[in-house]
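Colleague: Below you'll find the structure I mean.
There are 2 protein chains.
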Amino acid sequence: MAKGRVTVIDIAKAAGVSKSTVSLVLQGSSLVNDGTRAKVNAVMRELGYVYNRGAANLRQSGSKSKIIGVVVNDLTNGFFAELAVGVDMVVQSAGFVQFLSNTSENLDRQREVIASMREHGISGLIMSPARATEAADLKPLVAAGIPVVVAVRNVPGAKVSSVVSDNREGIFAGVQHLASLGHRRIAFIGGFSDTAVFDERIDGYRAAIAACGLELDEDLILPSAPSRAGGVDAIGRALAIAAAPTAAVCFNDAVAFGVCDGLRAQRLEPGRDFAVVGFDDVIEAKAAVPALTTISVDPQGMGRRAAQLLLKQISAGRAEAESIVSSVRLVVRETCGANQAGGSNRRQA
Amino acid sequence: MAKGRVTVIDIAKAAGVSKSTVSLVLQGSSLVNDGTRAKVNAVMRELGYVYNRGAANLRQSGSKSKIIGVVVNDLTNGFFAELAVGVDMVVQSAGFVQFLSNTSENLDRQREVIASMREHGISGLIMSPARATEAADLKPLVAAGIPVVVAVRNVPGAKVSSVVSDNREGIFAGVQHLASLGHRRIAFIGGFSDTAVFDERIDGYRAAIAACGLELDEDLILPSAPSRAGGVDAIGRALAIAAAPTAAVCFNDAVAFGVCDGLRAQRLEPGRDFAVVGFDDVIEAKAAVPALTTISVDPQGMGRRAAQLLLKQISAGRAEAESIVSSVRLVVRETCGANQAGGSNRRQA
DNA sequence: TGACAACATTGGAACGTTCCAATTATTAAA
DNA sequence: TTTAATAATTGGAACGTTCCAATGTTGTCA
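Chains as they are written, first to last, in the numbering used here: chain F, 333 to 681; chain V, 333 to 681.
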């Protein structure tokens, strides 16, 4: 009994029915007599039967594998971990199981894990693509009729569904807020200029500068690595400009934190001497001192939406590429200077 | 060609060999002629063949599924996300693939995902168990001969391998450090007293108090939820004690942050007026103001070790339960008061 | 009683692979 | 030239399930 797993045939034998009947029970068919069903279920419990999904979806070689693949570019980043959790929630409650892999922004690894997932017969894929992922990387998937949803980052040219946050609108709101606080020279700091997300955010920046009647100065656009270190570096460059900015919207919260670090290094206090706005609203944003004013996107919600979209496409058999843009909202805290000292908005001459 | 996936038989036909030969190529057998191998590989590429692992490990019904299950109690928590990343690293480079699920500390969900993983034929399982997981929950796995490694939290009574951090030693070092700074009344704050981890840490606390020649006061042991909120609550209780403590080692960093919040609410500055030591060294610990003195455990390293152990057991076929305790180290930053005025650390009178 | 539903049950073929034993082609030794 | 050994290749059975078409039971109605 230790050797050889219990199969449907063993159950059949023990319950005195045929394997077909057992299979019917397994699938919850209404064709089988209640008495028989009870008996079969009892025997299964008794013998410790475990269903072999591999064998099952070998037969029904359709896309019924009940596995969905999730690939994430950086699980270490709380943002993406939340995304994965959101996906897991809906995927799990739909009776699917999640195949999750981390690529660490490595394209080769991404290719590997996608290949591996295909071999395992995933019936759909949700991915937050590694940087520089190209449409060609997803081509085989869609050719094979496997629904794909990209999240957070778009893959230009790929004919797949996407769930991204409203980057343009978010930055627009951030700039507008800073302008309403009286800032005239507002910088855009951080991000690699070769990404779609960067383009969208810069687009929002330009639109807002125009909408607020400010003058666009290309020198105030300072790309950098989208990390804390990148922020430190970029703010240094920003302050060295002759007509230095007095405020900045940042590519993301990590950059914004770096900007704060850089400001302090020059004896400037974020919020009082220079206004900073981030993007993402990571968990630390609220707890930081001073608390970060930022654009809040709900990564877990995005994960859920992405999963719902994918499941819809899976059950629909064949679905059109669909794009969801997830709305964002400005969360005003302290680094923008608006809530300085609870109202009395102290600002030096 | 759109319909019906490409099988080994299609390849065989197109390459003018038998399916057996193709199979041999797939397995990298040295039995097949170099010319034939090249030809077969070419045809595979041309037809876009994708290996069907499901079919494969149906046949070789051993435990060669190349899937390992990973279940984590809270992916949202950076600590466990790092753990998962560590596991993924070694698992992936060993040619396995990771089935990751999040339980959110929910035992029912944990049971579900484990069942689901079994159905998918995982060849091993790494889990950081949800609270109150019992040995009985793991029983069926080990009975089925599936290697299991628990990480971070032990499951008392279960005959499985484990990788846990050196809780006793970590707290011991923390207390010792505080004592060396002159503190005589050192509290232990946070954690649920019904967990094995709590027991181990309290054990370290008691041992250190004794070793430093201090007096043990049971009132200074203040359990609470292992969260920021729990810390706030517990420090409130601590300060209400007649002979209040002047320092505390905390169950984890979240609690420690809560303690800092609670201190500030009473106009006490962590590090200057009250010394705080955390446990885990989460990413925020370094960046916080003041930076958190804490016991550093390397979750990614633990993940890697757990994965290595599991892979060893898988390849060994049948292995003894083995326990690894991962060493920890004290990282002195600011909240303990040791680095007060470390540089020109200006601070108000 | 026979015919006809409706309900339950069933054997066998298939899914895509691996493994085994058997076969053929090639080379070396006698 | 024959024999033995080696190198390549092969057809079929098996893995555990699902599906299909077929079969066996009833019960109802004329």
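All C-beta atoms in this analysis are idealised placements derived from N, C-alpha and C, irrespective of residue type, glycine included. All values reported here derive from a predicted model rather than from experimental measurement.
Can you give me the C-alpha to C-alpha distance between ALA570/V and VAL581/V, rounded to a whole angstrom?
Modeller: So the two alpha carbons sit approximately 12 Å from each other.
Colleague: Given PRO602/F, which residues of its chain have a CB within under 7 Å of its CB, disregarding the five upstream and five downstream residues?
Modeller: Same-chain partners within the cutoff: CYS592, LEU595, VAL608, PRO622, THR667.
Colleague: Is it the case that the Cβ atoms of GLY401/V and ILE454/V are separated by a distance below 8 Å?
Modeller: Going by C-beta atoms, GLY401/V is nearer than 8 Å to ILE454/V.
Colleague: Thinking C-alpha only, which one of ASP420/F, GLN392/F, TYR383/F is nearest GLN632/F?
Modeller: Checked all of ASP420/F, GLN392/F, TYR383/F; the closest Cα to GLN632/F is ASP420/F.
Colleague: Mind checking who THR625/F pairs with in its DSSP beta bridge?
Modeller: For THR625/F, which the question treats as bridged, DSSP gives the partners VAL609/F.
Colleague: If you measure beta-carbon to beta-carbon, which residues of the stretch 448-471 of chain V are closer than 9 Å to chain F?
Modeller: Here the close residues are SER448, MET449, ARG450, GLU451, HIS452, GLY453.
Colleague: List, in order along the chain, the chain F residues whose C-beta lies closer than 8 Å to that of SER430/V?
Modeller: In the sequence as displayed, the identity of residue 430/V is Gln instead of Ser. Simply PHE431, LEU432, SER433.
Colleague: For GLN430/V, name the three-state secondary structure that DSSP assigns.
Modeller: Residue state, collapsed to three classes: strand.
Colleague: Can you name, in chain order, every residue of its own chain whose Cβ lies under 6 Å from the Cβ of GLN442/F, other than the five neighbours on each side?
Modeller: Same-chain partners within the cutoff: THR435, ALA462.
Colleague: To the nearest angstrom, how far is it from the Cα of VAL529/F to the Cα of THR465/V?
Modeller: Roughly 42 Å between the two C-alpha positions.
Colleague: Out of LYS371/V, GLU378/V, PRO479/V, VAL614/V, point me to the one whose CA is closest to GLU654/V's CA.
Modeller: Selected option, being the one with the closest Cα: PRO479/V.
Colleague: Just to confirm before moving on: does the CB-CB distance between VAL481/F and PHE431/V stay below 8 Å?
Modeller: No, they are not a contact pair.
Colleague: Please work out which residues of its chain come closer than 8 Å, Cβ to Cβ, to GLY674/F, disregarding the five sequence neighbours upstream and downstream, and give them in chain order.
Modeller: In this prediction, GLY674/F has a pLDDT of 39, which is less than 50 and means its spatial position is unreliable; what the coordinates show is noted afterwards. Hits under 8 Å: none found.
Colleague: The beta strand (DSSP E) that contains THR582/V, what's its start and end?
Modeller: Residue identity check: residue 582/V is Cys in the sequence provided, not Thr. It spans 579-582 - the beta strand (DSSP E) in which CYS582/V sits, taken as one unbroken run.
Colleague: Less than 8 Å between the beta carbons of TYR381/F and VAL338/F, yes or no?
Modeller: Taking 8 Å as the Cβ cut-off, TYR381/F and VAL338/F qualify as a contacting pair.
Colleague: Going by Cα to Cα distance, which pick from GLY669/V, SER659/V, VAL663/V, ALA670/V is closest to GLU501/V?
Modeller: The shortest C-alpha separation from GLU501/V is found at SER659/V.
Colleague: Could you tell me if ARG560/V is buried or exposed, where buried requires 16 or more neighbouring beta carbons within 10 angstroms of its beta carbon?
Modeller: Looking at its Cβ environment, which holds 16 or more other Cβ atoms inside 10 Å, ARG560/V is buried.
Colleague: What distance in whole Å lies between the Cβ atoms of LYS371/V and ALA347/V, which are believed to be in contact at a cut-off of 8 Å?
Modeller: Indeed they touch by this definition, with Cβ atoms about 5 Å apart.
Colleague: With 16 as the cutoff for other CB atoms within 10 Å, does ALA597/V come out buried or exposed?
Modeller: So ALA597/V counts as exposed.
Colleague: Which residues, in chain order, does the stretch 394-412 of chain F contribute to contact with chain V at a C-beta distance below 7 Å?
Modeller: Taking 7 Å as the Cβ-Cβ cut-off against chain V, the residues of the stretch 394-412 of chain F that qualify are LEU407, THR408, GLY410.
Colleague: Distance cutoff 8 Å, beta carbons only. Does GLY669/F sit that close to anything in chain V?
Modeller: Not closer than 8 Å to any Cβ of chain V, the Cβ of GLY669/F fails to qualify, so no.
Colleague: Taking 8 Å as the threshold (beta carbon to beta carbon), is LEU473/V in contact with chain F?
Modeller: False, the Cβ-Cβ gap to chain F never drops below 8 Å.
Colleague: If contact is defined by three or more beta carbon pairs under 8 Å, each pair taking one atom from either stretch, is the stretch 514-524 of chain F in contact with the stretch 548-568 of chain F?
Modeller: Yes, the stretch 548-568 of chain F is in contact with the stretch 514-524 of chain F.
Colleague: Using DSSP bridges, identify the partner residues of MET459/F.
Modeller: Looking at the DSSP assignment, MET459/F forms a beta bridge with VAL403/F, VAL482/F.
Colleague: Comparing the C-beta of TYR383/V with each C-beta of chain F, is any distance below 8 Å?
Modeller: It does: the Cβ of TYR383/V has a partner Cβ on chain F nearer than 8 Å.
Colleague: Beta carbon of ASN499/V, beta carbon of GLY536/V: below 8 Å?
Modeller: Contact: yes.
Colleague: Expressed to the nearest angstrom, what Euclidean distance is found between the alpha-carbon atoms of SER362/V and THR353/V?
Modeller: Rounded to the nearest angstrom, the two C-alpha atoms are 11 Å apart.
Colleague: Step through the CB atoms of chain V and report whether any lies within less than 8 Å of the CB of GLY386/F.
Modeller: With 8 Å as the cut-off, GLY386/F counts as an interface residue toward chain V.
Colleague: Please report whether the beta-carbon of LEU390/F lies at a distance below 8 Å from any beta-carbon of chain V.
Modeller: Yes, its Cβ sits closer than 8 Å to a Cβ of chain V.
Colleague: Go ahead and pull the three-state DSSP assignment for PRO555/V.
Modeller: DSSP places PRO555/V in coil when its eight states are reduced to three.
Colleague: For GLY635/V, count the other beta carbons within 10 Å of its own beta carbon; 16 or more makes it buried, fewer makes it exposed. Which is it?
Modeller: GLY635/V comes out buried.
Colleague: When Cβ atoms are compared, which residues of the stretch 608-642 of chain V fall closer than 9 Å to chain F?
Modeller: Cβ contacts with chain F come from ILE615, GLU616, ALA619, ALA620, VAL621, GLN632.
Colleague: Can you name the start and end residues of the alpha helix (DSSP H) that ALA519/F belongs to?
Modeller: Segment 518-521 is the beta strand (DSSP E) holding ALA519/F; no alpha helix (DSSP H) there.
Colleague: By the DSSP assignment, the alpha helix (DSSP H) with LEU303/F in it spans what residues?
Modeller: Missing from the structure shown is residue 303/F; chain F here goes from 333 to 681 and no further.
Colleague: When we look at the beta-carbon of ASP585/V and count the other beta-carbons within 10 Å, is it buried (16 or more) or exposed?
Modeller: So ASP585/V counts as buried.
Colleague: In this structure, how does DSSP classify SER658/F when only helix, strand and coil are distinguished?
Modeller: In the structure shown, SER658/F sits in a strand (DSSP, three-state: E or B).
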